[in-house]
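Have a look at the structure below, then the notes.
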Amino acid sequence: MFTLPSRRPNAVAAGATPSALLRLDRRTALTGLDAGEFDLLVIGGGITGAYTALDAAARGLSVALVERDDFASGTSSKSSKMVHGGLRYIEQGNLDLVRHSLLERQRFRRNAPHLVQRLPFLFPILAKDGVFDARIARAFESLLWTYDLAGGWRIGKLHQRLTVDEVLAHAPTLRADHLRGGLMYYDSRADDARLTLAIVRTAARLGAVVANGAEVTGLRTTGGRVTGATVEADGERIGVRARVVVNATGVWADDVDGMASAGHRPQVRPAKGVHIVLPWSKIRNDCTVTVPIPGRARRATCTRWGDVVVVGTTDTDYDGPTDDVHCTRDEMEFLLEGATIAFDTKLGPEDVLGSYAGLRPLVGGSEGTTLDMRRDHHITVASGMVTVTGGKLTTSRHMGELVVDEALGLLGRRARCRTKNLPLLGGAGYDAEATAATGGIAAHLGGRYGTEARFVSALVDEDPTLGEPLIPGQPHLKAEVVFAARSEMARSVDDVLSRRTRLRLFARDASVEAAPLVGELLSAELGLPPETVASQVQDYRADVAREKSILLGDNA
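Sequential numbering from 3 applies to the sequence shown in my numbering.
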């Protein structure tokens, strides 16, 4: 029904995207967890754990990956969604991290072209009250030259200085009274949850046993060495044996390390990031615009994402519960204030279409602010368990590589890393520019599934009713829910709306309206009883209502 343009890749790594559809059956995966001993058990289904599992499977190890909730349900679905080198890290003097991040950015763009797109970033130069003014624009441009030379050039464009008219062409609602021009450079963005899911599914394609809704409740030890874990899923207890266990649980890493050693001292220092979603018609930018946050030594990014703009900032200290993180009214208001001062538009709480908050697992002491802390990853080995913390989305592939190197050392084995040039499912042979040019449903599906969009299209061919939208005004099709159940291990209404479609982030109220239909489609695919579906819909509505009440200050 929908035809996607494609091209023949010059070279595709061995074991990369086969043409057959990958189906993921969670019940089969849970059964497989206690079938023998794995070389590697990875705890945590965020992007770092996912790439660790993929790297290990690509090297020929037997791998299990377990996630207590859903893949990417923690930090990896609540990031700034940037795949970038990080200008701030040059300012911190961490040029090595920038250089390496820019190399990894290019690998993401090559291996997942359907999910990682080039994105221009605009810094307006203002006479006053800007991120920087004309006096320091020259110094900032020197920083951009450093960024380009460190690897930014790989994206195919160098930074450029813009006139006032050129700035307004990209962001017509910017207040022009103090505008003196702008600087533009290029990075990338990605749907973080779908990127993580693609990595998990690619690992499964290469033989890894992956399961969500599988919580580690304890570690198995032999002679003081961690040799597996006890996993609880669907009311059952499963013993998983492994030669090496990897703790890739992000801000929860100290909890798992504490299972291995009662004397473990906490190492992770969470940093909170918050984002709100506004109608694009209010701002009308075609790039990411960086604006100052009034009264704060920080800045926010305003990024177009289809018909919405995501406004957010990261890295504030956080000491609350790690399982219940939300954007608060105060945080929403300072983001709205920053956008309102920067753009000539009226914005209020009633314009907020969605919001999210996440925690970055930084590692370091309690001195200083999280904004000033380095973003390097940390890998430690204790009691035979490898723990990885810190880092960032952009360097997740390399972090997985280093973790597997460490695991191979413990196993006494050697195997070459294969993920540098390994396309993720849907990536091999995909032509992002040609697909985007087609527009409509083909572009929508291509930007989410890559070459696997043909499998979603095939569902519509079999049952034309699946070509209907989940809800009027949104591009997502009923077929996407069916595909999520069959091939993406979606178990619940929340899995589909929060992470498979991202409707909860970008159209929160519309997602509530779509919840009953999503439940019906999941019930037909997964055989869920009516009472389970009703409970999922009710829980989803209640969770969204609570999120909104916290955002509006009704439930402090």
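Cβ coordinates follow ideal geometry from the N, Cα and C atoms, glycine included.
The beta carbon of Lys422 lies closer than 7 Å to those of Arg109 in the same chain, with the five residues before and after it left out.
In this structure, DSSP gives Val312 an extended state, which the three-state scheme calls strand. By the CB criterion at 8 Å, Gly452 and Gly428 fall inside the cutoff. Counting along the chain, the unbroken beta strand (DSSP E) around Thr292 starts and ends at 290-294.
Apart from sequence neighbours up to five positions away, the residues of its chain that approach Val313 with a beta-carbon distance below 7 Å are His277, Ile278, Leu280, Ala302, Cys304, Leu337, Ala341, ordered along the chain. Under the three-state reduction of DSSP, Ile278 is assigned to strand. Shown here, Pro351 sits in a helix according to DSSP, grouped into three states. Leu105 and Asp317 have their C-alpha atoms spaced approximately 24 Å apart. Rounded to whole angstroms, the gap between the alpha carbons of Cys419 and Leu56 is 10 Å. Taking the Cα positions, Arg506 is about 15 Å away from Leu479.
Rounded to whole angstroms, the separation of the alpha carbons of Gly393 and Ile552 is 29 Å. By the Cβ criterion, the segment 119-129 is in contact with the segment 175-183, since at least three pairs of Cβ atoms, one from each stretch, lie closer than 8 Å. For Gly87, the closest of Ile45, Leu412, Asp150 by C-alpha to C-alpha distance is Asp150. Pairing Val291 with Trp282, the inter-Cα distance amounts to about 13 Å. Asp496 and Thr165 have their C-alpha atoms spaced approximately 45 Å apart. In this structure, Leu364 lies near Ala273, with their beta-carbon atoms less than 8 Å apart. The DSSP-derived three-state label of Gln119 is strand. For Ile473, no alpha helix (DSSP H) encloses it, and the DSSP letter there is neither H nor E. When C-beta atoms of the segment 216-226 are compared with those of the segment 345-364, fewer than three pairs fall below 8 Å, so the two segments do not count as touching. In the DSSP assignment, Asp189 falls within the unbroken beta strand (DSSP E) covering 181-192. Across the set Thr330, Ala409, Ala344, Pro296, the C-alpha of Thr330 shows the shortest separation from the C-alpha of Gly555. Nearest in C-alpha terms to Asp433, of all of Val118, Arg502, Ile201, is Val118. According to the DSSP assignment, Arg301 belongs to the beta strand (DSSP E) that extends over 301-307. Pairing Pro466 with Arg300, the inter-Cα distance amounts to about 50 Å. CA-to-CA, the gap between Ala178 and Arg163 works out to about 17 Å. The DSSP-derived three-state label of Ile45 is strand. The segment 456-465 and the segment 516-529 do not touch, with fewer than three beta-carbon pairs separated by less than 8 Å.
With a 10 Å radius around the Cβ and a threshold of 16 neighbouring Cβ atoms, Leu23 comes out exposed.
When DSSP assignments are scanned along the segment 422-458, no uninterrupted stretch of beta strand (DSSP E) that is 3 or more residues long falls wholly within it.
The beta carbon of Ala235 sits closer than 6 Å to the beta carbons of Leu32, Gly215, Ala216 from its chain, once the five residues preceding and following it are set aside; these are given in chain order. Nearest C-alpha to Ile49 among Gln538, Gln476, Val390, Leu461: Val390.
CA-to-CA, the gap between Arg140 and Trp147 works out to about 11 Å.
Each residue's CA atom was taken as its position, placing Val258 and Leu67 some 15 Å apart. In summary, Lys348 is exposed, with fewer than 16 beta-carbon neighbours lying within 10 Å of its beta-carbon over all protein chains present. Counting along the chain, no beta strand (DSSP E) covers Leu26, and no H or E run does either. Here the alpha carbons of Ala436 and Lys159 stand approximately 19 Å from one another.
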